[in-house]
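Residue numbering for the sequence shown follows our numbering, beginning at 2 and increasing consecutively. Note that CB positions come from ideal geometry on N, CA and C, so glycine has one too.
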Amino acid sequence: MTDQNTTAGEAEVLMELEVSPIRRIFALMVLFLLGLLLIWNGMILPGAAIGLKLLLMLMGTAVLWLGIKMYDRTRGGLILTKEALSDYRGTCLIRMEDVVAMEKGVFALKPSNGFMLRGTGAPGNLWAPGMYWRVGTRVGVGGITNARDAKSMIEIIVALTETHS
């Protein structure tokens, strides 16, 4: 069994999928404003039960944490090599030899402006808000990525998986 969390190493980079800066800024602003509004409402809501106020402040804190996580995880992009699809930190999302199916259609269960890959062995769950997720053997890529670049990347992945077959 191969280690799914190894770095891409010195493999030749075929493509990098970058984050759209405008979408990133918009998504971060929405999350931070929502978090601040929830906390603010929890503090000033007149006549509300203390449980409701605490719930609003807890939800606001969770949304702010999500915004911080998104800010951290969306600094770089995704890197596609002949061997694997990895994030900019070197975490392997899925190896090309493990890809068995791709979903990129309008009605596919995938992130917006992205695609989904199904593999045979992608153990463990990963999540970078707005960038990618991995649950079981499925990897979804997209969200705040550039739609044109995501389409180009899936075409390269299709070509790579045909050569691995």
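Below 8 Å CB to CB, which residues in the same chain sit around Asn6 once its five sequence neighbours on both sides are set aside? Low per-residue confidence applies at Asn6: pLDDT is 47, beneath 50, and the placement is therefore not dependable enough to give any value.
Can you tell which of Ala85, Met103, Tyr89 has the C-alpha that lies nearest to the C-alpha of Arg96? Ala85
DSSP state of Glu17 mapped onto helix, strand, coil: strand
Mind checking who Thr82 pairs with in its DSSP beta bridge? Val14
Quick one: residues in its chain with C-beta nearer than 6 Å to the C-beta of Thr8, no 5 flanking neighbours on either side, listed in chain order? Bear in mind that a pLDDT of 48 at Thr8, under 50, signals an unreliable position, so the number given afterwards is only what the model happens to contain. Result list for Thr8: Gly91, in chain order.
Going by the beta-carbon positions, is the gap between Glu98 and Phe116 smaller than 9 Å? no
Cut-off 6 Å between Cβ atoms - residues of its own chain near Asn147, not counting five sequence neighbours on either side: Ser21
Which residue comes first and which comes last in the alpha helix (DSSP H) that contains Ala129? Where Ala129 is concerned, there is no enclosing alpha helix (DSSP H), although the beta strand (DSSP E) it sits in stretches over 127–129.
In whole angstroms, give me the CA-to-CA distance for Pro47 and Val14. 57 Å
Going straight from the alpha carbon of Gly141 to that of Ile80, what length do you get? 14 Å
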